[in-house]
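To keep things clear, I will list the structure first and then write my remarks on it.
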Amino acid sequence: KLIRRCTVELQTTEFDTAVSVLYELVDAQGGYFENSSVYSGGYYNSNARRNGEYVVRIPAEKYSAFRSSVGELGYVSFSNESTEDIGEQYYDTEARLKTLRTKQDRLLMLLEKAENMEDIIKLESALGDVEYEIERYSSTLNRYDGLVNFATFNVNIGEVARVEEQTGQANSLRDRMSAGFRAGLEDM
């Protein structure tokens, strides 16, 4: 039972196109948007660019296909992937739920045989507590199933005047100097 998550930050000069393609990709993969926000600089900052933050849920079996497609929406400035194994918690919760259902059956059998009011009240109270716990554990399992069956992608799209590919320490001195020279020319 694995929960997969991915965060991708993108830069693009074509914000509307990137967002439109993102919606198409999500639809094509059978996913849905859990949350979406777009913001810009507002009244006092008319030069501000737009930024979009999207939480997307994609079927787990389509994770790789969506991951590679979303990277084509613009320049990937940051990417992070994680996987969480919840197998132990899942099966522990499942075992507790099974035990509670057995207890519920026993309480129902005792309730059918109860004859005095005091026993009936105690059994119904105990039965109510067990039913509450069953609902709680069932809800936990449903939440786990949702997280396992659908991967979560946090996609952040930033509108930029021009894409600035970062040159890091892994690049050679020549590559960094070339990128700096190009950036200087573009600024002029």
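Residue numbers 10 to 197, in our numbering, belong to the letters of the sequence shown in order. C-beta atoms are modelled at their ideal positions from N, C-alpha and C, and glycine is treated no differently.
Query: Per the DSSP calculation, Q20 is bridged to which residue(s)?; Result: Y84, G167
Query: Ends of the beta strand (DSSP E) at T66?; Result: Note that residue 66 is Arg in the sequence shown, not Thr. 60–68 is the extent of the beta strand (DSSP E) around R66.
Query: Provide the residue span of the alpha helix (DSSP H) that contains N44, from first to last.; Result: That residue, N44, is in no alpha helix (DSSP H); its beta strand (DSSP E) goes 41–48.
Query: Rounded to whole angstroms, what is the Cα-Cα separation between E81 and I143?; Result: 45 Å
Query: Measuring CA to CA, which of E140, N60, A170, T161 is closest to I12?; Result: T161
Query: How about N165 and E33: do their beta carbons lie closer than 8 Å?; Result: no
Query: Decide if V79 is buried, meaning its Cβ has at least 16 other Cβ atoms within 10 Å, or exposed.; Result: buried
Query: Give the single residue among S49, V64, R171 whose Cα lies nearest to the Cα of Y41.; Result: V64
Query: Rounded to whole angstroms, how far is the Cβ of L19 from the Cβ of Y84, which I believe are closer than 8 Å?; Result: 6 Å
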